[in-house]
Each structure stands twice: as C-alpha cells, then as structure tokens.
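Undergrad: Let me give you the structure first, and then I'll get to my questions.
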Amino acid sequence: MALSYKARRRVALLVLVVGLPVYIALCLKLVSLFERPTMWVELVIYVGMGILWAIPLKSVFMGIGQPDGLADQNQDDA
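Quick note on numbering: the working numbering labels position 28 of the sequence shown as 60, and the sequence is numbered without any gaps.
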C-alpha cells in the first residue's frame, strides 16, 4: 500500500526529528563498544552508517521537496 503525499511528509518528519537522533546515538554506542580504531577506519564506519540509514527510507523521502502532484490534479478536475 502506497502512502499518500501527506502521510509521507509526516513520516519523513518523524524519521528526521526522532529516528535520526536515535540512530546516531546507537551508532555512537556501537562504535564505543570496540577499541578506538584509527581515524580513517572510524571515518569509513561513520560514512557507511550515514548512508545506510537512508537506503530503506528512500521511498519515504522521494518527492517530499516537490509540490503534491495529486493536489494539482484535483484542482484541475474541480
């Protein structure tokens, strides 16, 4: 089931305001469990985790910055 534009905007906002800080805290905790790696290895880990969070949420963020296409169609029909 596809989310409506309004629902995707709300989910995207929830992910950015609540989910992303929680994910960052979990990543920091995960890295702190191990002995501190070299700066380059740590950088690769953080960049990898920075990209990894967005992959499953790509469909939520697609088109959020664009105007709602269905709202334009509904106005034309009226």
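Note that beta-carbon positions come from the ideal geometry of N, C-alpha and C, so glycine has one too. Note that the structure is a prediction, hence the values are computed from the model and not measured.
1. Is the number of C-beta pairs between the region 95–102 and the region 71–79 that are closer than 8 Å three or more?
2. Does residue 66 come out as helix, strand or coil in the three-state DSSP assignment?
3. For a test of the three-state rule: what should DSSP assign to residue 95, helix, strand or coil?
4. CA-CA distance, residue 53 and residue 81?
5. With DSSP run on the structure shown, which of helix, strand or coil describes residue 53?
TA: According to the structure shown:
1. No: fewer than three Cβ pairs fall under 8 Å.
2. Your numbering for residue 66 matches position 34 in the sequence shown. Here residue 66 sits in coil by DSSP.
3. Taking the first residue of the sequence shown as position 1, residue 95 is located at position 63. Three-state result, residue 95: coil.
4. For the purposes of this step, residue 53 is taken as residue 21 along the sequence shown, with counting starting at 1. For the purposes of this step, residue 81 is taken as residue 49 along the sequence shown, with counting starting at 1. Pairing residue 53 with residue 81, the inter-Cα distance amounts to about 13 Å.
5. Position 21 of the sequence shown holds residue 53. Of the three classes helix, strand and coil, the one that applies to residue 53 here is helix, per DSSP.
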